[in-house]
Structures are given as C-alpha cells and as structure tokens.
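Numbering (the numbering used here), first residue to last: 89 to 410. Note that the Cβ used here is the ideal one computed from N, Cα and C, for glycine as well.
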C-alpha cells in the first residue's frame, strides 16, 4: 500500500497497548491523486509581505530546516515597488521557491459599503470593470517582473487571467491560486473553480476530512489548506490532523499560518515589527507540523523542492477569439 494511503493516528500504538480502541480508517477515503512528481504534499509560508519579511522567512527556514515550496503575499502586487518585486523574485529563484503575489483591487478595500454590512456583501470580489482591469494590470506587471504565480479572489478575475494565459498574454507556466478568502466549500464549486483556471485552490480550514474526500472524488486540482489559520479565517489549529488531511486531500499544500495574531494587509512600514515577528513564527510553526508528520510516519510524501506545476487539469473551453 502506498505510504500516503496508510492510516496514521496520533497515539494509536500507546492507546492500543492499554486496550483503548482507535477509530479505523477506511482505505476508500484516501485521495487517489498526487502532484505530477508523485508527492502528496508541499509547503507554503503565507503573508510574506515584502523583501524584508521574505529574508526573515528564508533565514528561519534554514535555521529550523523547514523546506519551502511556495512563498505567498497577501497585500497585493500594487503594494510593492518594481524593485521590491524583483528582489523577491530573485531571492526565491535563487532557492527554487515559487513566489505567489496577490492581484489587485478587492471589494473589502474600495468604496463599496456592502462588504462592511453584517452580510459581508460581495466580499473580496473585484467591483466593476476598473477593479477587474486593475487585477489584470497587476498580473501583467508581476509577470513581466518574473512572477509566475498569481493569487486571485474573484471568479471573474480567475477566468480572465486564464483566458490571457491561453492567449499567450501571460506566460504559459503561470499558475493561478485561489485565495482562502474565496475558498470553495463543496465538490461542485471546487470543480467549477478548477475549470475556470485555478491551478491551486485554498479551501477553508474548517472543512472536515470527509469534505476533502468528497472533493477528491471529482477533482485532482492541488488543494491549499491552513494547518493553522489566522484569526480572520477562524484561528483553527489542526496540526495533529495533518497526516490525515494529507491522506484525504492530496495533493495538498500545507500552509503555515498563525492564530492569535492581528492582520497585516495591506502591509506598510508601520506594521514592520509585527510582520517580521509573525513571519518568523510561521516558519517555527511549520517545523512543529513537520515534526508531527515525522512522528506519525507521514513525512515521506513531500514533493521534491522546486516542484511547482499542478499537472493536467480540467478546464472550460475558451472561445476562439475571446
């Protein structure tokens, strides 16, 4: 049986010795999918908001021996200068790490009032043509500076960027990552986002293991999941479930978030000390997760460092001339 399909339960051996029953895992629940390289999991350090925070993450990852496949930023391309983007691109390229930057304007920051109502209105979606166009401009600018992963929070922006990729306006190896702030919560919506062009989909961290199995029965698109979620995404800490989340949700990006920490978007120098401290702590949290995987016999499924592409995915047809 492949290693990532075998059941792993915390404390199972010790509990068995005293006769305490452990829930049985059903092999049919396991995901049949992997990354193209055969791995079942990769790592991501999120909320790395600029070159200084990136340097802190890279230093801590070396100190704690935390392998990093992807670095992501949440404030947006438009909150970084060309020089800052170039510095981040070069630093990640030197270590063969994928850099993912968020695209453009979003509803929570513009003049629309509906996002501030109890209902949340349209959330992070790009409101109107100008916001959509701003996301496109961010994507083109980032790509020109060497960024090959773009983070989106709007299905229209996602489909537009995918069409630009098909048309050759964005490099063919550009990957599109769906934000946790939009994340699908059922198999049908997950499949729709994949077909709209998503190469990696961040699901909410309150989905159950059964939910992950349901998704994997209809889609093989890589999944991103906060193993520890920031407070504005629920603050969930699921470290002890990591092996089971991989077994059910592979191929899976393990995101090392941080609870009990205030947000840093949009980032500026006024948030410097907090941002650097939380960046370092995210890496340490990653070490804790990796140590748990090793203890549970689940560390063997990591993709080779430098892996970034998702493999062949299902897409809606793009109309000719569109």
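Straight through space, the alpha carbons of residue 104 and residue 281 are spaced by roughly 43 Å. When secondary structure is reduced to three states using DSSP, residue 400 falls in the coil class, being assigned neither helix nor strand.
Its chain contains 135, 190 and 353 as the residues whose beta carbon lies nearer than 6 Å to that of residue 162, once the 5 sequence neighbours on both sides are disregarded; these appear in chain order.
DSSP, read as helix, strand or coil, puts residue 341 in strand. Contact fails between the stretch 99 to 116 and the stretch 135 to 147, because fewer than three Cβ pairs, one in each stretch, are under 8 Å apart.
Between residue 389 and residue 128, the CB-CB gap stays under 7 Å. Contact between residue 269 and residue 286 does not hold, since their C-beta atoms are separated by about 14 Å, which reaches or exceeds 8 Å. Annotated three-state conformation of residue 129 is strand, per DSSP. In the structure shown, residue 346 adopts coil according to DSSP, grouped into three states. Here DSSP, grouped into helix, strand and coil, assigns residue 324 to coil.
When the alpha-carbon of residue 120 is set against those of 401, 184, 338 and 272, the nearest one is in 338. In the DSSP assignment, residue 158 falls within the beta strand (DSSP E) that extends over 158 to 160. In the structure shown, residue 391 falls within a coil segment according to DSSP collapsed to helix, strand and coil. In this structure, 254 is the residue among 291, 254 and 223 with its C-alpha nearest to the C-alpha of residue 408.
Contact between the stretch 256 to 266 and the stretch 224 to 242 is established, with three or more Cβ pairs separated by less than 8 Å. Cβ neighbours of residue 275 within its own chain (closer than 8 Å, five residues either side excluded): 302, 303, 305, 306 and 307. Secondary structure of residue 355 (DSSP, three-state): coil. Here the C-alpha atom of residue 263 lies approximately 21 Å from the C-alpha atom of residue 345. For the beta strand (DSSP E) assignment, the uninterrupted runs of no fewer than 3 residues enclosed by the stretch 240 to 296 are, from N- to C-terminal side, 263 to 266 and 288 to 290.
Separation of residue 243 and residue 284 (C-alpha to C-alpha, rounded to the nearest whole angstrom) is 7 Å.
In the same chain as residue 387, and ignoring 5 residues on each side of it, the C-beta atoms closer than 7 Å to its own belong to 378 and 381, in chain order. Looking at the DSSP output, residue 232 shares a beta bridge with no other residue. Residue 123 sits away from residue 288, with the two beta carbons spaced by 7 Å or more. Its chain contains 139 as the residues whose beta carbon lies nearer than 7 Å to that of residue 175, once the 5 sequence neighbours on both sides are disregarded; these appear in chain order. Counting along the chain, residue 186 sits inside the beta strand (DSSP E) bounded by residues 186 to 190.
Straight-line spacing of the CA atoms in residue 97 and residue 332 works out to 8 Å. It is roughly 23 Å from the alpha-carbon of residue 361 to the alpha-carbon of residue 153. In the three-state scheme derived from DSSP, where H, G and I count as helix and E and B as strand, residue 182 is classed as helix.
Residues 288, 339 and 398 of the same chain have their beta carbon placed closer than 6 Å to that of residue 310, with the five preceding and five following residues left out of the count. In the three-state reduction of the DSSP assignment, residue 316 falls in the strand class.
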